[in-house]
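Novice: Below is the structure I would like to discuss, written out as structure tokens.
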Amino acid sequence: MKSLVLYPYPMEYDGQSLQGHYLLKGLKENGEDAVACSRYNQEDKKVFYEKYKPDVVFGIGFWGDVPELVSHPLANKMTPVPWLNANGCVFNYHALLNSLPLILATSNWVKATYIRDGIKPDNIHVAPIGYDPEIFYSRQSYDPEVRRMRKEVLEIEDDELMILTAGGDVTSKGAQEMIKAIAKVQDKLPKWKYVLKIWPSKSAREHGRDEEKLIAELGLDPDKFIYLSEKYDPHKMSLLLNSCDIYAAPSRIEGFGMIQLEAQACGKPVISIDVGGPRDTIIPNETGFLADVESEIKLNSEWVSKRMGFETRHRIKFPEPKTFAYRANIDQLAESLVKLATDSKLRNKMGKAAAQHAYDTFNYRITAKHIADLVKKYVLKEKQAVSRPIDNPVHSFITKRVYQR
Numbered sequence: 041m042k043s044l045v046l047y048p049y050p051m052e053y054d055g056q057s058l059q060g061h062y063l064l065k066g067l068k069e070n071g072e073d074a075v076a077c078s079r080y081n082q083e084d085k086k087v088f089y090e091k092y093k094p095d096v097v098f099g100i101g102f103w104g105d106v107p108e109l110v111s112h113p114l115a116n117k118m119t120p121v122p123w124l125n126a127n128g129c130v131f132n133y134h135a136l137l138n139s140l141p142l143i144l145a146t147s148n149w150v151k152a153t154y155i156r157d158g159i160k161p162d163n164i165h166v167a168p169i170g171y172d173p174e175i176f177y178s179r180q181s182y183d184p185e186v187r188r189m190r191k192e193v194l195e196i197e198d199d200e201l202m203i204l205t206a207g208g209d210v211t212s213k214g215a216q217e218m219i220k221a222i223a224k225v226q227d228k229l230p231k232w233k234y235v236l237k238i239w240p241s242k243s244a245r246e247h248g249r250d251e252e253k254l255i256a257e258l259g260l261d262p263d264k265f266i267y268l269s270e271k272y273d274p275h276k277m278s279l280l281l282n283s284c285d286i287y288a289a290p291s292r293i294e295g296f297g298m299i300q301l302e303a304q305a306c307g308k309p310v311i312s313i314d315v316g317g318p319r320d321t322i323i324p325n326e327t328g329f330l331a332d333v334e335s336e337i338k339l340n341s342e343w344v345s346k347r348m349g350f351e352t353r354h355r356i357k358f359p360e361p362k363t364f365a366y367r368a369n370i371d372q373l374a375e376s377l378v379k380l381a382t383d384s385k386l387r388n389k390m391g392k393a394a395a396q397h398a399y400d401t402f403n404y405r406i407t408a409k410h411i412a413d414l415v416k417k418y419v420l421k422e423k424q425a426v427s428r429p430i431d432n433p434v435h436s437f438i439t440k441r442v443y444q445r
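Using the working numbering, read the sequence shown as starting at 41 and increasing by one per residue.
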């Protein structure tokens, strides 16, 4: 199978770029023929279409990227296979997406969102994102690089519990819910520090002021909170994850949850929310704790623009309200935090299970094989692929999670 992978290329340290990078890397290491190209470089894409002649063109993005990921390959007589995330609602390109033999969704929640908004269910399949086990793996606390990160960079003592939340901004990752949970049970916790790692941006800084205001309102000690605002490459991110004791991210909206997966790979138990991507990546009470959804943020309408494929900017009214964000149950977050904070044996047990689970199910070679199997069965329709069910750890786990919940 010859594949062209369209994503933010050359690789950057963001979710979609890493998603494409690990797909490309996995396909090639699994013996498939694959090359990469920037999804926005029209001339380079045409060269690859004409000279390389791929069987399929993978496109990494969300529904708003359909012109680059689907329309452009189709106009050049290529076979596109978009691998999509979601941002709460699918506003456009339904007919085009429904005409494809295969759409890949990063989680069951993403798949359900597309189906809810008009994409037919028979051509969309779940394909989780992979991670690199040679970068994200469990290290001992006395590892020199881990100790340097924890002691010198973060200035956290050995007898202090380190809680970590990381993301482009930490508000969307549920940091405010975790701060409220900490306030409820701070008297039950050992000495602790809460590290909040953001990607440098104006939006993240503005959200950070909301966190600071909340900390003051709840009467929490601001010195217990450590803010990191810089770009971390995967190696440095692995050291940060290995430095923490608990990774917490009850995300308000999460199409997959890459850092939650990487935290598990680094042997850390995760506190999250029972909706979205975390439902697919975390095994409740084994590799982490999933809090119930306390409330949903619903909208009756939303603005659309030319960027979304419309002629003018205008507001679309929904036939019924649509959920755009979630809030986790604070009491359950607090309960999970106390359990993990006060029981090092439980943390170690769940951390070991988390690392094994990540390696067995989300290793990028395994996820790339899962995607190749789907393409061979539903797009290329290879006889061997069509005649047998897809049988690999990703498919088995994702299917089990759907029907168990």
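Note that CB positions come from ideal geometry on N, CA and C, so glycine has one too.
Could you tell me the distance, in whole angstroms, from the CA atom of D273 to the CA atom of K93?
Specialist: Computed Cα separation, rounded: 33 angstroms.
Novice: Rounded to a whole number of angstroms, what is the C-alpha to C-alpha distance between K467 and H410?
Specialist: Outside the displayed range of the chain (41 to 445) lies residue 467, so it cannot be described from this structure.
Novice: How many angstroms separate the CA atom of G101 from the CA atom of Y399?
Specialist: Computed Cα separation, rounded: 25 angstroms.
Novice: Can you say whether G55 is buried or exposed, counting buried as having 16 or more other CB atoms within 10 angstroms of its CB?
Specialist: With 16 or more other Cβ atoms within 10 Å, it is buried.
Novice: Should L339 and D285 be called a contact, given that it needs their Cβ atoms to be closer than 8 angstroms?
Specialist: No, Cβ-Cβ distance for L339 and D285 is not below 8 angstroms.
Novice: Can you list, in chain order, the residues of its chain whose CB lies under 7 angstroms from that of K264, leaving out five sequence neighbours each side?
Specialist: W232, K233, Y234.
Novice: From which residue to which residue does the beta strand (DSSP E) around E108 run?
Specialist: Neither: E108 is in no beta strand (DSSP E) and is coded neither H nor E.
Novice: For E83, count the other beta carbons within 10 Å of its own beta carbon; 16 or more makes it buried, fewer makes it exposed. Which is it?
Specialist: By the 10 Å Cβ count, E83 comes out exposed.
Novice: Use the C-beta contact count for L58: other C-beta atoms within 10 angstroms, 16 or more gives buried, fewer gives exposed.
Specialist: L58 is buried by the Cβ-count criterion.
Novice: List the residues that DSSP assigns as beta-bridge partners of P324.
Specialist: Its beta-bridge partners are G328.
Novice: List the residues that DSSP assigns as beta-bridge partners of E342.
Specialist: Bridge partners of E342: I356.
Novice: Unbroken beta strand (DSSP E) runs of length 3 or more, entirely within the region 223–301: which are they?
Specialist: Fully enclosed beta strand (DSSP E) runs of 3 or longer: 232–238, 265–269, 286–288.
Novice: May I ask you to list the residues that DSSP assigns as paired with N125?
Specialist: Answer is F102.
Novice: Which of the three DSSP states is assigned to M202 in this structure?
Specialist: In this structure, M202 counts as strand in the three-state DSSP scheme.
Novice: Check this for me: beta carbons of V315 and W149, under 8 angstroms apart or not?
Specialist: Their beta carbons are under 8 angstroms apart, which means V315 touches W149 by this criterion.
Novice: Unbroken alpha helix (DSSP H) runs of length 4 or more, entirely within the region 62–89: which are they?
Specialist: If we require 4 residues or more, the alpha helix (DSSP H) runs fully inside the region 62–89 come out as 82–87.
Novice: So is N116 in contact with chain B if we call contact Cβ pairs under 8 angstroms?
Specialist: No chain B is part of this structure, which consists of one protein chain only.
Novice: Does DSSP put N369 in a helix, a strand or coil?
Specialist: Of the three classes helix, strand and coil, the one that applies to N369 here is coil, per DSSP.
Novice: According to DSSP, is A221 part of a helix, a strand, or is it coil?
Specialist: If DSSP states are grouped into helix, strand and coil, A221 belongs with the helices.
Novice: For the region 128–136 against the region 101–120, do three or more pairs of beta-carbon atoms, one drawn from each stretch, fall closer than 8 angstroms, so that the two count as touching?
Specialist: At 8 angstroms Cβ cutoff, the stretches touch.
Novice: Compare the C-alpha of H61 against each of I155, D172, K86, A115 and name the closest.
Specialist: The residue with the shortest Cα to Cα distance from H61 is D172.
Novice: Starting from S384, trace the alpha helix (DSSP H) both ways and give me its first and last residue.
Specialist: Looking at the DSSP string, the run of the alpha helix (DSSP H) that includes S384 is 384–402.
Novice: Just to confirm the assignment: which complete alpha helix (DSSP H) runs, minimum length 4, are found wholly within the region 140–189?
Specialist: Entirely contained in the region 140–189, the alpha helix (DSSP H) runs reaching 4 residues are, in chain order, 148–156, 184–187.
Novice: Please tell me whether L377 and I311 are closer than 8 angstroms, where the distance is taken between their beta carbons.
Specialist: Their beta carbons are under 8 angstroms apart, which means L377 touches I311 by this criterion.
Novice: For R367 and P48, what's the separation of their Cα atoms in angstroms?
Specialist: About 31 angstroms.
Novice: Take the Cβ of F358 as the centre, count every other Cβ of all protein chains shown within 10 Å, and call the residue buried at 16 or more, exposed below.
Specialist: Exposed, by the Cβ-count rule.
Novice: According to DSSP, Y47 sits in a beta bridge with which residue or residues?
Specialist: According to DSSP, which records beta bridges pairwise, Y47 is partnered with S78.
Novice: Could you tell me which of D157, A215, R179, I203 sits nearest to P230, measuring between CA atoms?
Specialist: The candidate whose alpha carbon is nearest that of P230 is I203.
Novice: What's the gap between the Cα of S43 and the Cα of P122?
Specialist: About 12 angstroms.
Novice: Going by DSSP, what residue range makes up the alpha helix (DSSP H) through N138?
Specialist: Where N138 is concerned, the enclosing alpha helix (DSSP H) stretches over 134–138.
Novice: If you check the beta carbons only, do L380 and L386 fall under 8 angstroms apart?
Specialist: Against a cut-off of 8 angstroms, the Cβ pair of L386 and L380 comes out as a contact.
Novice: Hey, how far is the Cα of N369 from the Cα of A223?
Specialist: Answer to the nearest angstrom: the Cα atoms are 14 angstroms apart.
Novice: From the DSSP output, read off the bridge partner residues of I337.
Specialist: Note: I337 sits in a beta bridge opposite A365.
Novice: Counting Cβ pairs, one atom from each stretch, are 3 or more of them under 8 angstroms apart for the region 289–305 and the region 63–80?
Specialist: With the cut-off at 8 angstroms, the region 289–305 and the region 63–80 do not touch.
Novice: Specify, as a first and last residue, the run of the alpha helix (DSSP H) that L114 falls within.
Specialist: Segment 112–115, the alpha helix (DSSP H) holding L114.
Novice: In the structure shown, what three-state DSSP assignment does P318 receive?
Specialist: In the structure shown, P318 sits in a helix (DSSP, three-state: H, G or I).
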